[in-house]
Amino acid sequence: MKVGHPSCLNFADHMVGVIKTYSWQCIECKSCTVCGTSDNDLLFCDDCDRGYHMYCLRPALLQPPDGF
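Structural data, given as structure tokens:
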């Protein structure tokens, strides 16, 4: 698994612009944006790369989205 700078990870230009607006975390350090923990599986937003637990989203997701 790769960790590093967003630009080194071949992120799309729009995502690099978005993640510069918050305290981005690499995949090894990433935690849920809502609860702050990294336990259990996280979903990663395709637009901003933030991590979320399905049960922390409002409304909560019961199933992962297609393509997960």
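In this note's numbering, the protein residues as written are 6 to 73. Don't be surprised by glycine CBs; every beta carbon is placed ideally from N, CA and C.
| Check | Outcome |
| --- | --- |
| Bridge partner(s) assigned by DSSP for Tyr57 | Leu48 |
| Residue nearest to Asn45 in terms of C-alpha spacing, selected from Asp52, Asp51, Cys37 | Cys37 |
| Local Cβ density within 10 Å of Gly72, reported as buried at 16 or more and exposed below that | exposed |
| Extent of the continuous alpha helix (DSSP H) to which Ile24 belongs | 18-24 |
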